[in-house]
């Protein structure tokens, strides 16, 4: 029994060694290519801002997955060859299967190609706030065929790239807090605009917000007429991803300033009136009618 095992080990020793060498070379090649890809992507981007870093990380993950799959396939084929299995028919069969799958998986191919273009062009990176395919939220992950968004309610949306026709990226490059403020028709428009500008300038000088604001407030003027209000439109330039903090503080200060200066902000109101006199008249008619009917019945008796 021992001799049989030794003979088997002696005969299989070269194969076992070759398999270990193949695995080692495959792993070393994977590590080397991954490092080269990462360094190449980093060298392509001269700027060091957050958005570029996120795009580099996204591209690195996807290319790393492609390299891993390719090396794994080559390693498996070489190991099968060392074990004496003919890989020629396997490659031919894989080609036929791949052709058949290609015809039946056109959407999958479209997902991958569209996703690569979107990522290479920097339209979406992990951490962005975007709106795609009717869904909006924060990008949590990007794969070779899908983008995953987490909306404000905590729901996760997995969207294939083939469904992405347009991309609305809220957090890319310079951001703005755009506002529309409704005031009463009785208010002096110039005075309202002056008040809004003063609020914006004070906010810009505030020690807690001056680092979040990237320029002066722009009040465009009276934008439109609504049923019960006139709308003043404008915007405040902010640094990346700080428009929501600026928005909340700006709204708070606008409410305080309007209350202080007596500027009315219209809101829907409902007036309920009761026709008491009409109800009394109806009650009198009903009572009078019942009395007549009762009297008529008594006369018949």
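Residue numbers (our numbering): 8 to 308. C-beta atoms are modelled at their ideal positions from N, C-alpha and C, and glycine is treated no differently.
Three-state secondary structure (DSSP) at residue 134? As a working mapping, residue 134 is identified with position 127 in the chain shown. Taken through DSSP and simplified to helix, strand or coil, residue 134 comes out as coil.
With a cut-off of 8 Å on the beta carbons, I'd call residue 199 and residue 270 a contact; round off their distance for me. Along the chain shown, read from residue 1 onward, the residue named residue 199 stands at position 192. Along the chain shown, read from residue 1 onward, the residue named residue 270 stands at position 263. Contact flag correct, Cβ pair sits at about 6 Å.
Can you tell me whether DSSP reads residue 275 as helix, strand or coil? If you number the chain shown from 1, residue 275 lands on position 268. Reduced to three states, the DSSP call for residue 275 is coil.
Own chain partners of residue 70 with C-beta closer than 7 Å, once the 5 adjacent residues on each side are dropped: In the chain shown, the residue the question calls residue 70 occupies position 63. Counting only Cβ-Cβ distances below 7 Å, and skipping sequence neighbours, we find 44.
Report the rounded CA-to-CA distance for residue 123 versus residue 96, giving the unit in angstroms. Position 116 of the chain shown holds residue 123. Position 89 of the chain shown holds residue 96. Spanning the two alpha carbons is a distance of roughly 32 Å.
I need the boundaries of the beta strand (DSSP E) containing residue 144, first residue and last residue. As a first step, residue 144 is located in the chain shown; it is residue number 137 there, counting from the start. Membership of residue 144 in the beta strand (DSSP E) is indicated by the continuous run 142-149.
If we ignore side chains and look at the alpha-carbon of each, how far apart do residue 296 and residue 273 end up? Numbered from 1 along the chain shown, position 289 holds the residue referred to as residue 296. Numbered from 1 along the chain shown, position 266 holds the residue referred to as residue 273. Because residue 296 carries a pLDDT of 47, less than 50, the predicted location of this residue cannot be relied on, and the following value inherits that uncertainty. When rounded, the separation of the alpha-carbon atoms in residue 296 and residue 273 is 49 Å.
Counting pairs of beta carbons, one from the stretch 240-247 and one from the stretch 177-196, are three or more of them closer than 8 Å? Contact between the stretch 240-247 and the stretch 177-196 is established, with three or more Cβ pairs separated by less than 8 Å.
What residues are listed by DSSP as bridge partners for residue 72? What you label residue 72 is simply residue 65 of the chain shown in a count that begins at 1. DSSP, once it has assigned bridges, lists no residue as partnering residue 72.
Just the Cα atoms here: how many angstroms apart are residue 237 and residue 66? Against the chain shown, residue 237 aligns to sequence position 230. Against the chain shown, residue 66 aligns to sequence position 59. Rounded to the nearest angstrom, the two C-alpha atoms are 48 Å apart.
Report the option in 29, 74 and 83 whose CA atom is closest to the CA atom of residue 38. By 1-based counting over the chain shown, the position of residue 38 is 31. Relative to residue 38, the option among 29, 74 and 83 whose CA is nearest is 74.
Nearest candidate by alpha-carbon position, reference residue 193, set 23, 232, 153 and 255: As a working mapping, residue 193 is identified with position 186 in the chain shown. Relative to the Cα of residue 193, the nearest Cα in the group 23, 232, 153 and 255 belongs to 232.
Buried or exposed: where does residue 27 fall if 16 or more other Cβ atoms within 10 Å of its Cβ makes it buried? In the chain shown, residue 27 corresponds to position 20, counting from 1. Its Cβ having fewer than 16 others within 10 Å, residue 27 is exposed.
Going by CA-CA distance only, name the one from 46, 86, 68 and 20 that's closest to residue 32. Counting from 1 along the chain shown, the entry for residue 32 is found at position 25. Residue 32 has its Cα closest to that of 86, out of 46, 86, 68 and 20.
Please state whether DSSP places residue 159 in a helix, a strand or coil. By one-based count along the chain shown, residue 159 stands at place 152. Reduced to three states, the DSSP call for residue 159 is coil.
Please give me, in chain order, every unbroken run of the alpha helix (DSSP H) with length at least 4 that falls completely inside the stretch 169-256. Runs found: 196-212.
Beta-carbon within less than 6 Å of residue 158's beta-carbon, same chain only, minus the 5 sequence neighbours each way: which residues are those? Along the chain shown, read from residue 1 onward, the residue named residue 158 stands at position 151. Here the set comprises 144.
Have a look at residue 24 and residue 35 and give me their C-alpha separation to the nearest angstrom. By one-based count along the chain shown, residue 24 stands at place 17. By one-based count along the chain shown, residue 35 stands at place 28. Rounded to the nearest whole angstrom, the C-alpha separation of residue 24 and residue 35 is 16 Å.
Return helix, strand or coil for residue 83, following the three-state DSSP convention. Numbered from its first residue, the chain shown carries residue 83 at position 76. In this structure, residue 83 counts as helix in the three-state DSSP scheme.
Where residue 130 and residue 118 are concerned, what is the direct C-alpha to C-alpha distance, given to the nearest angstrom? Within the chain shown, the letter at position 123 stands for residue 130. Within the chain shown, the letter at position 111 stands for residue 118. Approximately 15 Å, taken between the alpha carbons.
Please report the distance separating the alpha-carbon of residue 262 from that of residue 203. On the chain shown, residue 262 is found 255 positions in, with the first residue counted as 1. On the chain shown, residue 203 is found 196 positions in, with the first residue counted as 1. Their backbone Cα atoms lie some 10 Å apart in a straight line.
So, is residue 267 buried or exposed, given that buried needs 16 or more other C-beta atoms within 10 angstroms? If you number the chain shown from 1, residue 267 lands on position 260. Counting C-beta atoms within 10 angstroms of its own C-beta, residue 267 has fewer than 16 neighbours from the protein chains shown and is therefore classed as exposed.
Please list the terminal residues of the continuous alpha helix (DSSP H) segment that includes residue 90. Taking the chain shown and counting its residues from 1, one reaches residue 90 at position 83. Element bounds for residue 90: n/a, residue is neither H nor E.
Do residue 257 and residue 226 have their beta-carbon atoms positioned less than 8 Å apart in this structure? As a first step, residue 226 is located in the chain shown; it is residue number 219 there, counting from the start. As a first step, residue 257 is located in the chain shown; it is residue number 250 there, counting from the start. Result no, Cβ atoms of residue 226 and residue 257 do not sit closer than 8 Å.
Between the beta-carbon of residue 156 and the beta-carbon of residue 170, is there less than 8 Å? As a position in the chain shown, residue 156 is number 149, starting the count at 1. As a position in the chain shown, residue 170 is number 163, starting the count at 1. Pairing residue 156 with residue 170 gives a Cβ-Cβ distance that is not under 8 Å.
Take residue 260 and list the residues in its own chain whose beta-carbon comes closer than 8 Å to its own, dropping the five residues that flank it on each side. One-based indexing of the chain shown puts residue 260 at position 253. Beyond the five residues adjoining it in sequence on each side, residue 260 comes within less than 8 Å, by CB distance, of 206, 209 and 210 in the same chain, given in chain order.
Measuring only the C-alpha atoms, how far is residue 126 from residue 168? On the chain shown, residue 126 is found 119 positions in, with the first residue counted as 1. On the chain shown, residue 168 is found 161 positions in, with the first residue counted as 1. Each residue's Cα considered, the two are about 11 Å apart.
Keeping to the same chain, check which residues put their C-beta closer than 7 Å to that of residue 84; ignore five residues upstream and five downstream. Translated into the one-based positions of the chain shown, residue 84 becomes position 77. Only 94 meet the Cβ criterion.
Got a sec, what are the start and stop residues for the alpha helix (DSSP H) residue 129 sits in? The sequence position of residue 129 within the chain shown is 122, counting from 1. First-last for residue 129: undefined, no H or E at that position.
In whole angstroms, what separates the C-alpha of residue 30 from that of residue 21? Taking the first residue of the chain shown as position 1, residue 30 is located at position 23. Taking the first residue of the chain shown as position 1, residue 21 is located at position 14. Straight-line Cα distance between these residues: approximately 14 Å.
CA-to-CA distance, residue 113 to residue 250, given in whole angstroms: Here residue 250 is taken as the residue at index 243 of the chain shown, counted from 1. Here residue 113 is taken as the residue at index 106 of the chain shown, counted from 1. Inter-residue distance for residue 250 and residue 113 is about 40 Å (C-alpha atoms, whole angstroms).
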